[in-house]
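Engineer: Quick one: the structure is below, and I'll ask about it shortly.
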Amino acid sequence: MAVESRVTQEEIKKEPEKPIDREKTCPLLLRVFTTNNGRHHRMDEFTRGNVPASELQIYTWMDATLKELTSLVKEVFPEARKKGTHFSFATVFPEPMRQMYRMKDIGNTVSGRKGPDDALTLQSQRFQIGDYLDIAITPPNRAPPMPMRMRPY
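Note that the sequence shown ends on residue 786 in my numbering; no numbers are left out.
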């Protein structure tokens, strides 16, 4: 006789993020690679121990939000401070079985505007220490148009 589970998604509760005490917890080194053309780096730029030349090193914690990381990047790149600049975040992580890297989009922020991804943390996006962060920066004059809603008819 087979036993079937009838657990619903509501009953499966996500484990809440544990708050990080930044006074007692040592920060991690986050290796960030940026582009200012609106596109992420190609995966072949991360092969055989190579990384893109545009590296930015940030000491932060796993509870750092995308908005917080955006402000740190803006401190280094004054041209990214313009209102309306888009930041597209992706994690780059190794895939050991295939000896290559993969990329996963984790969110977007816009300079000077509030957005739904602002409060996303590295921890909530399953970032692992040792992964890279790739940020595609799009200036406001070259920003992709906001998606328009289609009419229901």
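Every residue, glycine too, gets a C-beta built ideally from N, C-alpha and C.
By how many angstroms is the C-alpha of L662 removed from the C-alpha of T680?
Structural biologist: Roughly 20 angstroms separates the two Cα atoms.
Engineer: Please report how far the alpha carbon of D738 lies from the alpha carbon of F760, in whole angstroms.
Structural biologist: Looking at the two C-alpha atoms, the distance is approximately 11 angstroms.
Engineer: Between Q732, I691, R775, Q758, which lies nearest to G682 when the distance is taken from Cα to Cα?
Structural biologist: Closest option to G682, Cα to Cα, is Q732.
Engineer: Please classify I762 as buried or exposed, where buried requires at least 16 other C-beta atoms within 10 Å of its C-beta.
Structural biologist: With fewer than 16 Cβ atoms within 10 Å of its Cβ, I762 is classed as exposed.
Engineer: At a cut-off of 8 angstroms, is M695 close to the ligand ATP when judged by its beta-carbon and the heavy atoms of the ligand?
Structural biologist: The ligand ATP is absent from the structure shown, which contains no ligands of any kind.
Engineer: So, L753 versus T698, is the Cβ gap smaller than 9 angstroms?
Structural biologist: Yes.
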